[in-house]
Amino acid sequence: MADQISVRDRIISSVFSRRNAMGSLEETYVGHVKIWEDAGPEGGGRKPRYILLSQASNGSGFIHKSKLNTNGSFSVGKTWRLAELHGIQVLNPLAFNITISRTYRWQTESQADQANFINATIRLFRQITNNSVPLQLEGMQDPDAAPAPAPTTTPASRARELPVPRVRPPSPTQSIPSTLRPGRARRPSNANSTSSQVPSLNLPTPTTLRPHDLSTSPTPSQSPINGSLSARTPHEAPHTPSSAYPPSPHRSRPASPAVEPPRRNTPSPRPVIVTEPQPMRQINPRVSFYDPANQAMLDRLVADGEQDGDGEDETVQATLANVEEMLEGYEWASDDVIDRKTARGAADLIEARLLDELMALEKANIHSFLESDDRIDLVVKYMDDALTELDAMDSLLSSYKIHLNAVGDDISYIQSQGRGLQVQTQNQRALLGELENLVQTVQVDRQALLILTQESLEKPSSIERLEEAAAELYKALQAGRETDMAATMERLEEYRTYNSQFCKRVLGFLSIMFTAQSKLLLGDKNGISKPDRRGRPALLPHKSMEDYLGRYAGLMLYLKEMDEIMYGKLCGAYFSAASELHAEQMKALMSIYLGYVRKAPEEDQEITLGTSNTGGNIKASTGMRRAGTLIRSPLESRHRDKEKTADGDLRASEAFSFLLEEITPMIYRESDFITDFLQINDAALTFADYMGLDSYFRRQAGRSAGLSMGTMKLVRGAMDLIFGFLAGELKAWLDQALLKDHMQDSVPFTELFGVLACLERCRIDANERNNAFLSNLFDKAHMRLKASLDRHINDQIRSIEQTKLTSKKRRGVAPFVKQFPIYIRRVEQQLIGTDDLEIRSSVDDAYDKIVQAMFDSLKQMAKMDGEGEDKGQLNYHVILIENMHHFVAETSQMEIGSVNGFSRRAETMYDENLNAYVKIVLRRPFAKIIDYFEGIERLLKMTAPLDISSNSSFSKSALKKVVKEYTSKDIRKQIDALFKRVEKHFTEASDAKASVEETSGIPPGTVMVGVWKACEDEVLRITDLFNKRIAQCYTDTGITLEYTPGDVESAFKRHGI
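Residue numbers for the sequence shown follow full-length UniProt numbering, beginning at 1 and rising by one.
See the structure below:
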């Protein structure tokens, strides 16, 4: 039960929850039942469905078939109107058929659910139809029928379930013999009555006319009238049972041959449900029995039954009282075998008597009718003749039908031919109209043709008139492009001649104008403007020439579509004139800027990272400068005239940048102009679009638009044809400009970096503007300059590797170490704002390669110098200390990411070699005491500190002997000798008297100061260590060092720098 409630609630929420504008529900749930239906050959098996019954707000009813969705909701798949219901047939407790527009068979799961749904459907149907539409019910009890008394049933009573014969059910009046009808006299048999009795010959025997054989169950062979009459349900039977009582056997009289025909003009009352009688007892009809009192009462009841059915309800009580009065004379109780009275005997007796009397009466009437009338054979003969004539008439009608069908086919054919003629006529009229329009279209006014041949091409007003006249000719040629009519061919040929002449005229005029406008723009100064306030010349813009030629854009469209050969020649003429114009201007500008490029000064030519074996003219190759002596930066002499832009005062990279700033905008402008002027684009603009012609001409132009492969190749290569000279001119200019900044081996120097940076900026701009010509041009130039840069870096590395120490001295800073910071500054000046360019990563890689080559060469140079093993190690450290110190001092001031990494590497190498040098150089003056305490350090790893003195080599006396050799006086002497040795290592004899120029802010002797300070720190460290070991291993001996840390500090301060 809970499941049923849940399903009902979900059905209501899913299907019957919609409300109308008044806020009430559109449909109200009445009931439902779950069914199973076949899924068909594709679905297989059965599928569950729910049949829903609802009543709309307007009073109508609906039957819905729905399914249960996966989310628990219901969706309606099909809907029937309940008013269209015809019948319900219950097959079994779990199956029933329902007939609406067709019959559906539904299987249910529950007998109770099926019965409740069917009862609810019947009640709702009768409610919405006001019980005025019959409903056929089979295999079930009418839920609205009053409960009937339960008579004793016998097997014979089942005969009512058999189908009834195809006879219209008699009305209550017809069910009573004419002898029992009050007010109707029996008439003798005559001719008039005989004709009315002919249908009664087909009536069944009296046995088939018993009340229990008049079942309401329909059969498929019944007529619609019979079906409507027999479909009345038991609940429609009248409540008065007067017509259900058969005539009393006491009133039996001879049968009358007259039978009253049915009244067709009045509707028959509802059929009466009669309880099944007991099986008829075989008794003889008692025709002679007659009871006057009871017969009178019966006639009165029958007369009352024939009255209007509307008064039956009002006289029910009176009728029942009369029946009781009539039946008072019967003995209602009979004795059984033991003399007991039973109430059933009298009723059965009355029923049996009435049936017997009715049967006897019917038999007598039929027999009397057949025996008394001798005209039946004549009637039968007439009927046979009539049937024969009807057959003949049917044959005639069939032949007529055949002829009519043939005539109908002929008529249909004629009609189709008529429609075809109508369509043909309409098409011919439309074609005639189109021909007239075509002839009118291909007609060009003579005045327009005269304008095309004689109108001037110079004035703006004349150009407008030429465009209008060309539009007339254009329309005529486009309209006749796809026609071969003889009426227009001759005229179109004439127009094509005019078109060719006009195109040649435009080509000749514009070819001359291209050259004239170019010469006008060049003037006397080759198209170069006067230098501005900054002293920089510029290219004269082409705006005046573009404005002049732009007036002919419409005629160029006409020429492109109507004569492709002339269009191609015109494009070639413009490309040639434009190329000469741009070449004159750009060559003149390049020549001017080449003169602005200055030569590298002599100090810049000394900037090399290595020394060649033949380089006697380079000062840095003759030897190494004295430590601490720094050359003046070659860039400092330029600060005072940095802002000058006079002749010969621009770097090559600066001049190249100014040159590209003038050239690239001119190329962009030219590309845009030829796109608009020559229509070299993908917009597919036609002359019809330009002139605003009708859509017909636009479609015609769109279908015929398009250039041949040769012409398309010509216009697509317009930029290459116009600026084909530029690649060679730029290469020559760069070679000459970079040759002014070269080294002794004619390899371009640092200006190459600035040129590459400028080229990369322009290449990025060209890619952003989608200019394929400039992108290709700059790519090729960049590839060539990048190869030159790689050669330059390789030459610098090769020069570093070939550098050797030509002096016998082992001191000094290598030439490439001195020049590398200057080299970096020169390069970085040209790379400002290039962090996002490719040149930045290329330069960083170059720095990495050069620095690695420098460090490797220094190590190789240090290993090659020196005579003995100790001396070789000392010289190795001296060379690396001095060079790394200089490298760190110069590069640490630069805020460059990649250079800072090299500076840290050099500082690490400096610290490592300085520590090693100090330990080696201090061993000569402090060898004995250092060796003694190093031995103690080794013993401490295996011996206790107090056991050290027990060793003969490290006894108290041995300690005293060592200590006595290093008094404060001896320490001063040893430190003096140490200073001379260190000074000898880090001072070049050849430059001892050279003046020291303080140009970089670093005081002279920086290397010596650092080394001397490291020596002092090391002596103080070992002195402290000696005191700790004496206190640890020689406790209570009273032995101490003969000098103090103060003596050491004072001795070192005497030689402070």
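Note that beta-carbon positions come from the ideal geometry of N, C-alpha and C, so glycine has one too.
Predicted model, so just to flag it, every value in this text is computed and none were measured.
Among the options, the one whose alpha carbon lies nearest that of residue i
{"i": "residue 562", "options": "521, 529, 507, 551", "result": "507"}
{"i": "residue 722", "options": "887, 673, 739, 732", "result": "673"}
{"i": "residue 967", "options": "1029, 380, 1051, 400", "result": "1051"}
{"i": "residue 64", "options": "117, 916, 71", "result": "117"}
{"i": "residue 566", "options": "599, 983, 510, 515", "result": "510"}
{"i": "residue 536", "options": "75, 431, 386, 654", "result": "654"}
{"i": "residue 1100", "options": "517, 1023, 67", "result": "Lying before the first or after the last residue shown, residue 1100 is absent from the chain, which here runs from 1 to 1057."}
{"i": "residue 982", "options": "921, 962, 929", "result": "921"}
{"i": "residue 495", "options": "599, 448, 1006, 1017", "result": "448"}
{"i": "residue 715", "options": "675, 684, 693, 586", "result": "675"}
{"i": "residue 23", "options": "106, 57, 1028, 732", "result": "57"}
{"i": "residue 1016", "options": "735, 1037, 979", "result": "979"}
{"i": "residue 945", "options": "819, 13, 1028", "result": "1028"}
{"i": "residue 860", "options": "899, 891, 580, 802", "result": "802"}
{"i": "residue 114", "options": "91, 101, 453, 103", "result": "91"}
Close beta carbons around residue i, own chain, < 8 angstroms, minus the five adjacent residues each side
{"i": "residue 686", "result": "557, 561, 698, 701, 702, 705"}
{"i": "residue 772", "result": "719"}
{"i": "residue 135", "result": "85, 86, 87, 88, 122, 125, 126, 231, 233"}
Same chain, Cβ closer than 7 angstroms to residue i, neighbours up to 5 away in sequence not counted
{"i": "residue 690", "result": "554, 557"}
{"i": "residue 659", "result": "589, 590, 593"}
{"i": "residue 16", "result": "25, 27, 28, 29, 54"}
{"i": "residue 1047", "result": "968, 971"}
Extent of the continuous alpha helix (DSSP H) to which residue i belongs
{"i": "residue 793", "result": "772-802"}
{"i": "residue 949", "result": "Counting along the chain, residue 949 falls outside any alpha helix (DSSP H), and DSSP gives it neither H nor E."}
{"i": "residue 450", "result": "446-454"}
{"i": "residue 662", "result": "652-677"}
{"i": "residue 738", "result": "726-739"}
{"i": "residue 533", "result": "No alpha helix (DSSP H) holds residue 533; DSSP gives it neither H nor E."}
{"i": "residue 138", "result": "Element bounds for residue 138: not the alpha helix (DSSP H) but the beta strand (DSSP E), 136-138."}
{"i": "residue 829", "result": "Residue 829 -> no alpha helix (DSSP H), and no H or E assigned at all."}
{"i": "residue 10", "result": "2-15"}
6 angstroms Cβ shell around residue i - same chain, five flanking residues per side excluded
{"i": "residue 109", "result": "34"}
{"i": "residue 4", "result": "none"}
{"i": "residue 208", "result": "Bear in mind that the predicted position of residue 208 carries a pLDDT of just 35, short of 50, making it unreliable; the figure below should be weighed with that in mind. Hits under 6 angstroms: none found."}
{"i": "residue 546", "result": "673"}
Simplified DSSP assignment, three categories, for residue i
{"i": "residue 177", "result": "Residue confidence for residue 177 is low, a pLDDT of 39 falling below 50, so the modelled location carries little weight and cannot support an answer."}
{"i": "residue 966", "result": "coil"}
{"i": "residue 468", "result": "helix"}
{"i": "residue 686", "result": "coil"}
{"i": "residue 108", "result": "strand"}
{"i": "residue 557", "result": "helix"}
{"i": "residue 1042", "result": "coil"}
{"i": "residue 753", "result": "helix"}
{"i": "residue 401", "result": "helix"}
{"i": "residue 66", "result": "strand"}
{"i": "residue 32", "result": "strand"}
{"i": "residue 120", "result": "helix"}
{"i": "residue 515", "result": "helix"}
{"i": "residue 538", "result": "strand"}
{"i": "residue 1037", "result": "coil"}
{"i": "residue 698", "result": "helix"}
{"i": "residue 103", "result": "strand"}
{"i": "residue 813", "result": "coil"}
Residue span of the beta strand (DSSP E) that contains residue i, given as start and end
{"i": "residue 75", "result": "74-81"}
{"i": "residue 90", "result": "87-92"}
{"i": "residue 97", "result": "95-99"}
{"i": "residue 50", "result": "46-56"}
{"i": "residue 680", "result": "Run containing residue 680: none; DSSP gives neither H nor E here."}
List in chain order: all unbroken alpha helix (DSSP H) runs of 4+ residues lying wholly within the region 832-868. Every unbroken stretch of the alpha helix (DSSP H) spanning 4 or more residues and falling wholly within the region 832-868 is given here in chain order: 838-864.
Whole alpha helix (DSSP H) elements within the region 891-933, 4-residue minimum: 897-923
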